[in-house]
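Going down the list, the protein sequences come from chains S and Z. FYI, the numbering for the first sequence is 1 to 451, going by the UniProt record's numbering. FYI, the numbering for the second sequence is 1 to 451, going by the UniProt record's numbering. Cβ coordinates follow ideal geometry from the N, Cα and C atoms, glycine included.
Protein chains: 2
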Amino acid sequence: MKEISTDILIVGAGYAGIAAAKKLQAAHQDFIVMEARDRIGGRTLTEDLESGVTVDMGAKWVGPTQHLVWEWIKETQTETYETYDQGKNLLKFKDKISSYTGTIPKIDPISLIDLGWAIHKMNKLSDQISTSEPWNHPKAREYDAMTLATWMEKHIWTAKAKHLFEIGIQTVFAAEASEISLLFALFYFKSGDNMDTLISIKNGAQQSILKGGTQGLVKKIANPFMDKIHLQEPLAYLSQHEGGIIAESANLRIKAKKCIVTIPPVLINTLVFDPPLPQQKAQLYQRMPMGAAMKVYLIYPTPFWREMGFSGQIVSDEYPLKVTFDVGHADSDQGVLLVFVEGNDARNFIDLEEGTRKKMVLERVEKFFGHQASLPIQYIDKCWTEEVYSRGCYTGLMGPNTLTQFGHQIRAPFQHVHFAGTETAEKWSGYLDGAISSGYRAASEVLKEML
Amino acid sequence: MKEISTDILIVGAGYAGIAAAKKLQAAHQDFIVMEARDRIGGRTLTEDLESGVTVDMGAKWVGPTQHLVWEWIKETQTETYETYDQGKNLLKFKDKISSYTGTIPKIDPISLIDLGWAIHKMNKLSDQISTSEPWNHPKAREYDAMTLATWMEKHIWTAKAKHLFEIGIQTVFAAEASEISLLFALFYFKSGDNMDTLISIKNGAQQSILKGGTQGLVKKIANPFMDKIHLQEPLAYLSQHEGGIIAESANLRIKAKKCIVTIPPVLINTLVFDPPLPQQKAQLYQRMPMGAAMKVYLIYPTPFWREMGFSGQIVSDEYPLKVTFDVGHADSDQGVLLVFVEGNDARNFIDLEEGTRKKMVLERVEKFFGHQASLPIQYIDKCWTEEVYSRGCYTGLMGPNTLTQFGHQIRAPFQHVHFAGTETAEKWSGYLDGAISSGYRAASEVLKEML
């Protein structure tokens, strides 16, 4: 077994790990990054397709208040373009397809008011939540004893509004409203400003796309210290003693004074710690399952729907195609339609044969955009639940009784080990921006201790 | 690394693993058991205290309909005795202590009716649930979208009844009503007959105690094949190929045709599978956190409370002492009081210094039984969340949206690997009896495939 010594070991080369490394590099510290995969980027994965189109199979968008990502974008002079957002959106509900413009579909006035009120109430509730200590809200226990689905049951009256709200939830969380606690949902909305921001393109979390993709960005940032990143070394064992830590993969032993663990909660739980994790922390990591998100890209010779006056955005009640976006480059000829399959749908859909999946999606798209839609140049999809070094995505979720009982453990260090990762972020938790801030925070903690 | 070949590998030497081994032994099969700990018994642990008393620090009781455990008891000629259940029980609520007899405390008639109705409704609902396919109930999705706490909020009106019901829930699940789904609770009650059975001593799950303890029983059963059990070999890696499996701990490599994994869901998630677990199974194992239960034993020269006319049973609203039992031998001089600390309480309590814990418990017991109660011969406690090879207890729990979406995966084999463990049982899931039946079932599956 190969042995290396360093001052600081970073586990995981996703956005959080690379952010921590960037900060340590700037502080002239001695560090090493240990990454399980044969690539960096974590839950970002950018692919250059044969058709010439670059697609993000993982995290994709950047929103206007995600300042830390924008700093990286500027620093690397990465070009961005805005998600296509002109023309009519389409809504399918039961057997009717209707078109509308803006975020909120054109539905009957009662359902519309109901939906608007529900989002308004969510925003009002989430606005009261502290992102650093959501468990300190006076009603935290009450909000954390129920699922978001229970809240919806109580506060949304029309079937249509409930359905549209639910699709919004699935798209934001890659999960069902029934598997997350109301308190966690409120924290998450507040963490990304509010529910409106999270579901919107313009001024929202889906506004901008990076040329070269989100993995491209993190590669540029990591470029100055790629020699310090050890790929294909999945950490299995982490022991601590007075002077530091010893971390082991199957082939590599690293001795360090401090350690920053940036992998998702569910993966922390797979490591052998010696001494074991404090029991409250261990119990927390048993209780943050990953969501399930699947991205399907359809590549066409042209974004023909634009000429038909459509935005490419669909909201539908029919499995598996519930939400789509036009994510083609503003300056490219090819049409790129992105279909999301989320939560329970994603886990069921990926278990079908690829041919069946393609057929099902194309049948649905054809209903909206006609025969041309059934003839893409390429179909490509990916479900993150199959990635053993992520176990799902976008993020680690919290069901009821988790945030109030274990939330205080999320950023708590354990002896020489500090914890980062987007799940630990106060701002933009679950997003790239949260991953970066968490890496910076953990690096700061370590730097303070190294003095 | 040492290498062994066998036909069938059993992972885990708890009740499920030993039951599987017993069945394979009877069928003259070639098998090996791989156990992480330096002992067998899993979530059972029997200790002979200096004071001469034998205590179960883990699973303790046997109820009348747990036929498989009774078979083992008869086969090994193990003596049993009944939990002391005479005299007055004590109830503390707010600042009042009152006494009563039977399972249901003497409280004001309104609260009493409320509590009785709630238990009656639970029993009626759970009676409709199929333990083999709880997700097929017409209202399964509705019941699985809410927490048990939400149901209580709706159906129990008085504070006292709600409080007593909640203590019952904590005692049955080692968890809060807010962290389990209503559907899972209904399944669990039905799996153990009904809620009444689970909370009762007489004719209930707390009726009988084994001389020599529950770990003593499994040791006797395992005695004929102890040479086939490899202790201190925590499985880390499990690969599969056409002809079978290869399992590895740090020091041992076992090749086998078939494998039975009996460890808790949360621990299955810590193994490296090659090929990886099917994504739906992997997602399930991210969603079955362990409860938190703590047992505190107080040993006294005599069960002096009996002479005072008390049963030793307390139900109290004051942390940490909420539920106690007199578990002294019928034929022994010494008094043995068992205090349960459950759910959130357990995780908080175990983080205090032992001296503080002892002081807090004794202060509370003294309030009920007077000065003598503050002078035990011995104080001993254990919290199972600290056990890395269990990660909590009694059992793997399911929050909302788990049973309906992933329940069908719980007994699904994965190529050559079959799954047992009390969490996979239809009858007495979470109990010793469920562990035994699950081991028998998995062994039957393997035997069928070996033909």
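Boundaries for Gly244 (chain S): no alpha helix (DSSP H) harbours it, while the beta strand (DSSP E) harbouring it runs 244 to 248, taken from the DSSP string. Pairing Arg391 (chain Z) with Pro264 (chain Z) gives a Cβ-Cβ distance under 8 Å. Looking at the backbone, the Cα of Ile10 (chain S) and that of Asp274 (chain S) are separated by about 18 Å. Within the model, the alpha-carbon separation for Tyr285 (chain S) versus Gln409 (chain S) is close to 10 Å.
Contact check between the segment 366 to 383 of chain S and the segment 301 to 309 of chain S: three or more CB pairs, one atom from each, fall below 8 Å, which counts as touching. Within chain S, the C-beta atoms nearer than 9 Å to that of Met146 (chain Z) come from Met146, Thr147, Ala149, Thr150, Glu153, Ser178, in chain order. Under the Cβ criterion of 8 Å, Met57 (chain S) is not counted among the residues facing chain Z. Proximity of Met290 (chain Z) to chain S, defined by a Cβ-Cβ separation below 8 Å, is satisfied. Cβ proximity to chain S below 8 Å picks out Ile350, Asp351 from the segment 349 to 361 of chain Z.
Residue pairing by DSSP leaves Leu24 (chain Z) without any beta bridge partner. For Arg347 (chain Z), the enclosing alpha helix (DSSP H) stretches over residues 344 to 349. Taking a C-beta distance under 8 Å as the contact criterion, Ile229 (chain S) and Ile40 (chain S) qualify as a contact pair. Ile254 (chain S) and Gln77 (chain Z) have their alpha carbons spaced roughly 54 Å apart.
Non-local beta-carbon contacts of Ser316 (chain S) in its own chain, meaning distances under 6 Å to residues more than five positions away in sequence, involve Lys92, Lys322 in chain order.
Contacts between Gly392 (chain Z) and chain S, judged by CB atoms closer than 7 Å, involve Gln283 in chain order.
By the Cβ test, the segment 185 to 194 of chain Z is not in contact with the segment 398 to 412 of chain S, since fewer than three Cβ pairs between them sit closer than 8 Å.
At least one CB atom of chain Z sits nearer than 8 Å to the CB of Asn269 (chain S). The bridge partners DSSP lists for Glu35 (chain S) come to none. One Cα belongs to Leu271 (chain S), the other to Tyr237 (chain S), and the distance between them is close to 6 Å.
Shown here for Phe368 (chain Z): same chain residues with a beta carbon closer than 6 Å to its own, the five before and five after excluded, namely Leu90, Ile314 in chain order. For Asp227 (chain S), there is no enclosing alpha helix (DSSP H), as DSSP marks it with neither H nor E. Against chain S, a Cβ distance below 8 Å from Glu386 (chain Z) picks out Pro276, Gln279.
Chain-ordered, the chain Z residues with CB closer than 8 Å to the CB of Pro400 (chain S) read Thr147, Ala149, Ser178, Glu179, Gly399, Pro400. Bridge partners of Gln240 (chain S) according to DSSP: S:Ile245. For the segment 112 to 136 of chain S, no residue has a beta-carbon sitting nearer than 7 Å to a beta-carbon of chain Z. Runs of the beta strand (DSSP E) spanning 3 or more residues and lying entirely within the segment 240 to 294 of chain S occur at 244 to 248, 252 to 256, 258 to 261, 272 to 274, in chain order. Secondary structure note for Lys382 (chain Z): it is in no alpha helix (DSSP H), and the uninterrupted beta strand (DSSP E) holding it is 378 to 383.
The three-state secondary structure of Val339 (chain Z), taken from DSSP, is strand. In this structure Ser181 (chain Z) touches Thr147 (chain Z) by the C-beta definition: roughly 6 Å separates them, less than 8 Å. Its chain contains Thr76 as the residues whose beta carbon lies nearer than 6 Å to that of Lys220 (chain S), once the 5 sequence neighbours on both sides are disregarded; these appear in chain order. In this structure, Ser200 (chain S) lies near Thr103 (chain S), with their beta-carbon atoms less than 8 Å apart.
Across the structure, Phe340 (chain S) and Met294 (chain S) are spaced so that their CA atoms are roughly 6 Å apart.
Residue-level contact by beta carbon holds for Gln286 (chain Z) and chain S, with a gap shorter than 8 Å. It is roughly 25 Å from the alpha-carbon of Gly213 (chain S) to the alpha-carbon of Phe349 (chain S). Taking C-beta atoms as the reference points, Phe31 (chain Z) and Asp48 (chain Z) fail to come closer than 8 Å. By the Cβ test, the segment 170 to 179 of chain Z is not in contact with the segment 42 to 62 of chain Z, since fewer than three Cβ pairs between them sit closer than 8 Å.
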